[in-house]
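**Student:**
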Amino acid sequence: MSKKSAELSRAERARAEIERQQAADRRRNWVVGGIVALLVVVVVVVGFVLTSSNDQTGKTAAAVPGGLSSDWTVTLGDPGAPTTVTIYEDPQCPICAQFEAMSSDALEKAVEDGRVKVDYRIVSFLDTHSQNEYSSRAANALMVVNEASGSEVFKAYHDLLYQRQPAEDTAGPSNSTLIDWAVEAGADRAAVTPGIEDDVYQQYVIDAADQMSKEGITGTPTIMIDGEIVGRGNPQEALQILLAKLKEGQ
334 MSKKSAELSR AERARAEIER QQAADRRRNW VVGGIVALLV VVVVVVGFVL TSSNDQTGKT
394 AAAVPGGLSS DWTVTLGDPG APTTVTIYED PQCPICAQFE AMSSDALEKA VEDGRVKVDY
454 RIVSFLDTHS QNEYSSRAAN ALMVVNEASG SEVFKAYHDL LYQRQPAEDT AGPSNSTLID
514 WAVEAGADRA AVTPGIEDDV YQQYVIDAAD QMSKEGITGT PTIMIDGEIV GRGNPQEALQ
574 ILLAKLKEGQ
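334 is the number of the first residue of the sequence shown in my numbering; add one for each residue after it.
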């Protein structure tokens with residue numbers, strides 16, 4: 334091999350070695366870059382999870398009233414009664430007031446006889462028809478009274494609120510009047526005053542209306558007998574079906 338040929342051969346080997354090293358460097362850079370990118374993704378994901386967790390931890394849960402047989406429900410009567418009547422009501426709803434006036438005596442007797450238990454589900458969505466958010470304040474007051482004084486006083490207070498229901502689009506009674514009426518129904522003033530004045534179950538009342546919507550209930554009053562809606566949108570028809578059902582059990 335000539336000197337020139339030997340020099341060319343060394344140059345080619347050197348160039349090949351340089352290219353090999355460059356290729357190795359590129360592969361190494363790709364690996365390092367991939368690892369760095371993966372670490373960035375992991376950091377972002379972990380940060381998101383921690384932030385979400387902190388957000389959930391920091392979120393104030395709605396206070397749940399005591400004395401409920403289950404969420405959203407105030408139960409009157411023997412839990413083992415053969416018939417369950419579920420009533421969705423808004424304190425500002427005038428048709429609810431009419432339904433209560435027509436059905437209250439028959440339902441009370443059926444409850445006393447042990448033939449029926451009544452599940453009241455109090456919701457609020459009619460604040461827009463009140464000058465001072467009476468619907469939600471009254472719903473809150475009902476929850477406070479039930480927790481402080483039990484279901485019998487709740488029922489007496491519930492009946493008073495419907496008997497004295499303000500007309501739609503007017504100013505409803507003040508919180509001080511709601512407290513006075515609660516005392517008239519049998520509640521202890523000191524026990525119910527803070528909860529009514531502070532609107533302690535405001536978020537719970539909002540959540541109850543949301544739950545009603547999730548259950549496909551679109552208005553009040555809605556009456557169910559043993560889980561089946563009766564007289565949908567027609568409380569007169571619902572009342573007739575209800576009274577017929579109560580008569581069967583006599």
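Quick reminder that beta carbons are idealized off the backbone N, C-alpha and C, glycines included.
In this text the structure is predicted, and so the values were computed from the model without any measurement.
Under the assumption that Glu-480 contacts Gln-425 (Cβ atoms under 8 Å), give the Cβ distance between them as a whole number of angstroms.
**Tutor:** With 8 Å as the limit, Glu-480 and Gln-425 do not qualify as a contact, their Cβ atoms being about 21 Å apart.
**Student:** Could you name the residues of the same chain whose beta carbon sits closer than 8 Å to that of Pro-499, not counting the 5 residues immediately before and after it, in chain order?
**Tutor:** Gln-425, Ser-463, Tyr-467, Gly-505 and Pro-506
**Student:** So, at 7 Å on beta carbons, what are the nonlocal neighbours of Ala-489 in its own chain, with the 5 sequence-adjacent residues on each side left out?
**Tutor:** Ala-518 and Gly-519
**Student:** Bridge partners for Arg-454 per DSSP, in chain order?
**Tutor:** Tyr-421
**Student:** Tell me, to the nearest whole angstrom, how far the beta carbon of Leu-572 is from that of Val-418; I am working on the premise that it is less than 8 Å.
**Tutor:** Their Cβ separation, rounded to whole angstroms, is 11 Å, which puts Leu-572 and Val-418 out of contact at 8 Å.
**Student:** Using only the alpha-carbon positions, how far apart do Arg-565 and Ile-428 sit?
**Tutor:** 13 Å
**Student:** Any idea what DSSP makes of Glu-561, helix, strand or coil?
**Tutor:** strand
**Student:** Check this for me: beta carbons of Asn-473 and Tyr-421, under 8 Å apart or not?
**Tutor:** Contact flag unset, no.
**Student:** According to the neighbour-count rule (16 or more other Cβ atoms, all chains shown, within 10 Å of its Cβ), is Ser-469 buried or exposed?
**Tutor:** buried
**Student:** Please report the distance separating the alpha-carbon of Thr-510 from that of Met-476.
**Tutor:** 16 Å
**Student:** Going by DSSP, what residue range makes up the alpha helix (DSSP H) through Val-486?
**Tutor:** 484-496
**Student:** Under DSSP, the alpha helix (DSSP H) around Val-525 begins and ends at which residues?
**Tutor:** 522-530
**Student:** Name the two residues that bound the continuous alpha helix (DSSP H) containing Thr-406.
**Tutor:** Careful: Thr-406 lies outside any alpha helix (DSSP H) and carries neither H nor E.
**Student:** CB-CB under 7 Å to Asp-411, same chain, minus the five flanking residues each way: which ones, in chain order?
**Tutor:** Gly-447 and Lys-450
**Student:** For the putative contact between Ser-482 and Leu-409, defined by C-beta atoms under 8 Å, what is the C-beta separation to the nearest angstrom?
**Tutor:** With a Cβ gap of about 13 Å, Ser-482 and Leu-409 do not count as contacting.
**Student:** Return the CA-CA distance between Phe-458 and Met-545, expressed in angstroms with no decimal places.
**Tutor:** Looking at the two C-alpha atoms, the distance is approximately 11 Å.
**Student:** Out of curiosity, what's the CA-to-CA distance linking Trp-514 and Ala-430?
**Tutor:** 17 Å
**Student:** Helix, strand or coil for Gln-464? Go by DSSP, reduced to three states.
**Tutor:** coil
**Student:** Give the DSSP-derived three-state secondary structure of Val-373 in the structure shown.
**Tutor:** At Val-373, the pLDDT of 38 sits below 50, so the modelled position is not reliable; the number obtained from the coordinates is stated separately. If DSSP states are grouped into helix, strand and coil, Val-373 belongs with the helices.
**Student:** Any idea which residues DSSP pairs Thr-503 with across the strands?
**Tutor:** Ser-463
**Student:** Classify Gly-528: buried if its beta carbon has 16 or more other beta carbons within 10 angstroms, exposed otherwise.
**Tutor:** buried
**Student:** Pull up the DSSP beta-bridge partners for Val-449, would you.
**Tutor:** Per DSSP, the beta bridge partners of Val-449 are Thr-416.
**Student:** On the DSSP bridge assignment, give the partners of Thr-553 in chain order.
**Tutor:** Paired residues: none, contrary to the question.
**Student:** If I'm right that Leu-579 touches Ala-439 with Cβ under 8 Å, what's the distance once you round it to whole angstroms?
**Tutor:** 6 Å
**Student:** Helix, strand or coil for Tyr-534, going by three-state DSSP, please let me know.
**Tutor:** coil
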